[in-house]
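Under this note's numbering, the first residue of the sequence shown carries the number 12, and numbering increases by one thereafter. Using N, Cα and C, we set each Cβ at its ideal position, and we do this for glycine too. Computed from a predicted structure; not experimentally measured. Data first, discussion second: the structure below is written as structure tokens.
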Amino acid sequence: MQYAGKEVSALAVSETARMLRYYRRFIREGLPGQQCRDLEDEWRSNTFTKEQAQQRLSFLVNVAINRKAGLPDITPEEEEFRNPY
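Here is the structure:
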């Protein structure tokens with residue numbers, strides 16, 4: 012399937028949707044002090060508080076919107092330039 016001018020699998024699209032649902036559910040139902048496991052990186056098992064999960068969800072939604080519009084992902088160098096601290 013074509014998505015933002017690139018070939019992607021249906022599995023990749025469904026996994027992205029699953030991750031967004033996971034974050035939304037955690038934010039909606041999360042208890043104070045509970046931590047959200049980052050699904051993107053199974054090896055490092057990053058965890059987030061509710062506030063950090065809200066920031067991460069916002070970032071992921073922006074990435075999805077940009078990809079849908081056909082804009083390329085930000086490179087690590089661009090990210091460092093935008094956030095030098």
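Please name the residue in the options whose C-alpha comes closest to that of residue i.
| i | options | result |
| --- | --- | --- |
| Gly81 | Arg93, Asn73, Leu22 | Asn73 |
| Ile38 | Asn77, Phe92, Ile76, Ser69 | Ser69 |
| Arg32 | Arg93, Glu88, Gln65 | Gln65 |
| Met30 | Ala75, Lys79, Val19 | Ala75 |
| Leu71 | Thr27, Thr60, Glu18, Val19 | Thr27 |
Which first and last residues belong to the alpha helix (DSSP H) in which residue i is found?
| i | result |
| --- | --- |
| Thr27 | 21–40 |
| Pro87 | 87–93 |
| Leu68 | 61–79 |
Distance, Cα to Cα, residue i vs residue j?
| i | j | result |
| --- | --- | --- |
| Gln63 | Val24 | 24 Å |
| Arg36 | Glu88 | 32 Å |
| Thr86 | Arg78 | 14 Å |
So for residue i, helix, strand or coil by DSSP?
| i | result |
| --- | --- |
| Trp54 | Note that Trp54 scores a pLDDT of 49, beneath 50, so its modelled location is shaky; the value from the coordinates is reported in the next line. In the structure shown, Trp54 sits in coil (DSSP, three-state: anything other than H, G, I, E or B). |
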